[in-house]
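One structure is given here, and the rest of the page talks about it.
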Amino acid sequence: MNDLVWILDSTLREGEQTPGVYFDKHIKLAIAGLLDEIGIDIIESGHPMVTPEIHAAVKAIAQKGFKSIVGAHSRSLQSDVDLALECGVKFLGIFYCVSDERLETVFKKDLDSAIKLIADVIKYAKSQNPNLLIRYTPEDTVRSQFENVVKAATAAVEAGADIISVADTTGFMVPGTSRSMYDYISRLIEELDKRNLHPKIAVHCHNDRGLALANALDAYRAGANIIDAAALGLGERAGIVDLAQLLTVLTVDYSQNKWNLGKLVELYDLVSKHSGIPIPANYPITGKNAFTHCAGVHTHAASVNPMHYESLSPDILGRTRTFSLDHMSGIASLRYALKLIGEELLDDAHQVDVLKEVKSVGQRGRTVDLAELKHIVDAVKHHKIYNS
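Count along the sequence shown starting at 1, add 3, and that's the number in this note's numbering.
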């Protein structure tokens, strides 16, 4: 396992491949600024050839002077490379598929011709800027013939590529099976080592089976140096690895204390607002309910010691623990909430009546927040006085 993992955020490139998602230039700059504050190693800012607006945004982000390395996406075409370099990026991601089936039916090329094209483009990019960090990705890596991937990766590194990215383009890999990302990364590193080639290994995992994060962590344990992610896991179809989940697990469970996790909520709110994609309430880490306790047994235990029903503390994200009041609530969670609104001296009889009303509201499909709880308490007090 490589301890010095880098994170490449692709919210602005892969994220914009989410149907209907587009970020205006000023929003892209704001997103990039937050990614830089979080401590992301590489910000993949877009594919400049796609539209003049994306080109302008990539250029603006590259010129901001961020600590993060700003990168661009490129086909294996000199014209794409020229446009990216003109933006001033320090990282270039070049991709070309080397599967026999795709080469024969889509590109009408044999493997050797494809590899020559890839190597020539990499050599050209490196000749234009020797300090440029270059990544080569065999698109749909894991479903391509392994020998083709090794041959193309070897030629790419010899031509000047610094990074070889393993793309699980369709979310095909499954941990613990013959399609294990751990095994694939281990095998690829071993084959390149035999050739005395030691590029950084990146991994780009799609989430079609809901296994993107698991596969990314498998790759990391096998020695991958770079993991791609995106805010909200945005991307083609079911998207890619969710950035907040990845950073939190690497921080808490793998002792990678590199990132300012306190900025993640602000980033996700911004991305959600301007992508039009809501953050699911039950989403890990950033969802509204991620640190909310509901059932009576849970809230009682958690109010005594949160770790009874939490394995992550909201503090690391700058979030707060909450206790939801609804039909599942018990007297312990009510008393905790009453303390929060300064009503801890409410007598037992009043508490019972308040809890009945809370449960009644919950059975109508709503939760009671602290403001509404205060209204319920006032109404119960008034009712008792009026009827006494």
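Quick reminder that beta carbons are idealized off the backbone N, C-alpha and C, glycines included. Remember, it's a predicted structure, so these values are computed and weren't measured experimentally.
{"query": "A219 and V244: beta carbons closer than 8 angstroms?", "result": "yes"}
{"query": "Would L200 and V160 be called neighbours here (beta carbons separated by less than 8 angstroms)?", "result": "yes"}
{"query": "Determine the burial state of H207: buried for a count of at least 16 other Cβ atoms within 10 Å of its Cβ, exposed for fewer.", "result": "buried"}
{"query": "Leaving out five residues before and five after K266 in sequence, what residues of the same chain have Cβ atoms less than 6 angstroms from its Cβ?", "result": "L37, E40 and I41"}
{"query": "Check whether the region 114-129 and the region 147-165 touch, using three or more Cβ-Cβ pairs below 8 angstroms as the test.", "result": "yes"}
{"query": "Roughly how far, in whole angstroms, is the beta-carbon of R16 from the beta-carbon of H50, given that I think they are within contact range, below 8 angstroms?", "result": "6 angstroms"}
{"query": "Note the first and the last residue of the continuous alpha helix (DSSP H) segment covering I249.", "result": "It is Leu, not Ile, that sits at residue 249 in the sequence shown. It spans L246 to Y257 - the alpha helix (DSSP H) in which L249 sits, taken as one unbroken run."}
{"query": "Since W262 sits in a beta bridge, which residues does DSSP pair it with?", "result": "Bridge partners of W262: none, in fact."}
{"query": "Under the rule that 16 or more other beta-carbon atoms within 10 Å means buried, what is H141, buried or exposed?", "result": "For the record, residue 141 in the displayed sequence is Pro; it is not His. So P141 counts as buried."}
{"query": "I'd like to check one pair, L106 with M52: are the Cβ atoms closer than 8 angstroms?", "result": "no"}
{"query": "Quick one: using the 10 Å Cβ neighbour count with 16 as the cut-off for buried, is V109 buried or exposed?", "result": "exposed"}
{"query": "Cβ of F295 within 8 angstroms of Cβ of T325?", "result": "The residue you asked about is not Phe; residue 295 is Thr in the sequence shown. Going by C-beta atoms, T295 is nearer than 8 angstroms to T325."}
{"query": "As a quick exercise: from D103, I64 and S130, pick the residue whose alpha carbon is nearest that of A117.", "result": "D103"}
{"query": "Can you give me the start and stop residues for the beta strand (DSSP E) that Y139 sits inside?", "result": "L136 to T140"}
{"query": "Given T173, which residues of its chain have a CB within under 8 angstroms of its CB, disregarding the five upstream and five downstream residues?", "result": "D143, R146, H209 and D211"}
{"query": "Please report the Cβ distance between L114 and A156, rounded to the nearest whole angstrom; I am assuming they are in contact, meaning their Cβ atoms lie under 8 angstroms.", "result": "With a Cβ gap of about 13 angstroms, L114 and A156 do not count as contacting."}
{"query": "What does DSSP give as the partner residue(s) for T325 in the beta ladder?", "result": "T295"}
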